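> Residue numbers for the sequence shown follow full-length UniProt numbering, so the first one is 1 and each next one is one higher. Have a look at this one before I ask anything.
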Amino acid sequence: MALGIADRTGTDPVPGSAAEAQPVTDAPLIFFTSASGYTGRFAEKLDTAAGRIPLHTSAPTLLAQRPYVLLLPTYGGTAAQPGAAAAGAVPKQVIKFLNDEHNRSLIRGVIGAGNTNFGESYCLAADIVAAKCKVPVLYRFELMGTSEDVAKVNEGLEEFWTHQSQKPA
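Written out as structure tokens, the structure reads:
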């Protein structure tokens with residue numbers, strides 16, 4: 001049973017409006033989903049609460065309140081040269097979220113969504129974020145994932161957080 005999306009209230013405030021305050025989450029999973037919603041639909045299937053990074057970069061960014069795993073898609077694009085990072089692979093909204101030093105300090109792992117049609121760029125955003133933040137890529141899945149992907153991520157997250165709680169402070 002999915003616990004749902006932690007910071008969703010049904011409607012998003014108008015970006016830049018006075019009613020829009022900085023959203024916060026204490027969810028152990030934080031995700032970004034584009035307008036297609038593929039990554040969001042995957043997050044909704046998981047047995048863990050999840051906070052959503054706002055769709056619009058003009059909106060206040062989400063503020064993490066505890067250590068989390070980041071779930072993100074890779075945007076299309078091709079590497080300029082073999083082995084080079086594809087320009088624009090990491091969504092701008094995720095970059096904005098991670099540019100907040102507090103948010104960046106709490107990331108513990110990354111799960112990547114991608115499309116195998118991207119070839120070498122498959123789940124490249126997860127690889128880029130993991131390298132820059134010095135955390136592991138925990139899992140990769142294609143598009144919206146399969147029921148097997150959901151089961152593996154649920155099991156993996158439970159094991160990951162158990163292991164994390166056993167680390168000395």
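No residue lacks a Cβ here, since even glycine has one placed at the ideal position from N, Cα and C. From a predicted model like this one, the values you see are computed outputs, not experimental measurements.
Whole angstroms are fine: how far does the CA of R52 sit from the CA of I30?
Residue 30 sits at position 30 when you count from the first residue of the sequence shown. Residue 52 sits at position 52 when you count from the first residue of the sequence shown. Distance between the alpha carbons of I30 and R52 is about 6 Å.
> Are L72 and A125 close, meaning C-beta to C-beta below 8 Å?
Residue numbering aside, residue 72 sits at position 72 when the sequence shown is read from its first letter. Residue numbering aside, residue 125 sits at position 125 when the sequence shown is read from its first letter. Going by C-beta atoms, L72 is nearer than 8 Å to A125.
> Measure the alpha-carbon distance for L98 versus Q22 and round it to whole angstroms.
The residue you call residue 98 lines up with position 98 of the sequence shown. The residue you call residue 22 lines up with position 22 of the sequence shown. Looking at the two C-alpha atoms, the distance is approximately 15 Å.
> Consult DSSP for T25 and reduce its assignment to one of helix, strand or coil.
Position 25 of the sequence shown, counting from 1, holds the residue named residue 25. Three-state result, T25: strand.
> Quick one: residues in its chain with C-beta nearer than 8 Å to the C-beta of G145, no 5 flanking neighbours on either side, listed in chain order?
Against the sequence shown, residue 145 aligns to sequence position 145. Answer for G145: F42, K45, A113, V153, listed in chain order.
> Would you tell me roughly how many angstroms separate the C-alpha atoms of A87 and E155, rounded to the nearest one?
Numbered from 1 along the sequence shown, position 87 holds the residue referred to as residue 87. Numbered from 1 along the sequence shown, position 155 holds the residue referred to as residue 155. Roughly 33 Å between the two C-alpha positions.
> With DSSP as the reference, label Y68 as helix, strand or coil.
Position 68 of the sequence shown, counted from the start, is the residue given in the question as residue 68. Shown here, Y68 sits in a strand according to DSSP, grouped into three states.
> With 16 as the cutoff for other CB atoms within 10 Å, does T39 come out buried or exposed?
Along the sequence shown, read from residue 1 onward, the residue named residue 39 stands at position 39. Label assigned to T39: buried.
> Quick one: what does DSSP say Y139 is sitting in, helix, strand or coil?
The residue given as residue 139 occupies position 139 in the sequence shown. Y139: strand per DSSP, three-state reduction.
> In whole angstroms, what is the alpha-carbon distance linking D149 and T48?
Within the sequence shown, residue 149 is the residue found at index 149, counting from 1. Within the sequence shown, residue 48 is the residue found at index 48, counting from 1. Cα atoms of D149 and T48: separation of roughly 14 Å, rounded to the nearest angstrom.
> Just to confirm before moving on: does the CB-CB distance between Y75 and I111 stay below 8 Å?
Within the sequence shown, the letter at position 75 stands for residue 75. Within the sequence shown, the letter at position 111 stands for residue 111. No, they are not a contact pair.
> Am I right that F129 and V69 are in contact with their C-beta atoms under 8 Å? What's the rounded C-beta distance?
Along the sequence shown, one-based indexing puts residue 129 at 129. Along the sequence shown, one-based indexing puts residue 69 at 69. In the sequence on display, residue 129 carries Val and not Phe. Contact annotation, V129 with V69: C-beta distance approximately 11 Å; criterion of less than 8 Å not satisfied.
> Determine the burial state of A80: buried for a count of at least 16 other Cβ atoms within 10 Å of its Cβ, exposed for fewer.
On the sequence shown, residue 80 is found 80 positions in, with the first residue counted as 1. Because the pLDDT at A80 is just 48, under 50, the model does not fix this residue reliably, and the value given afterwards should be weighed accordingly. Label assigned to A80: exposed.
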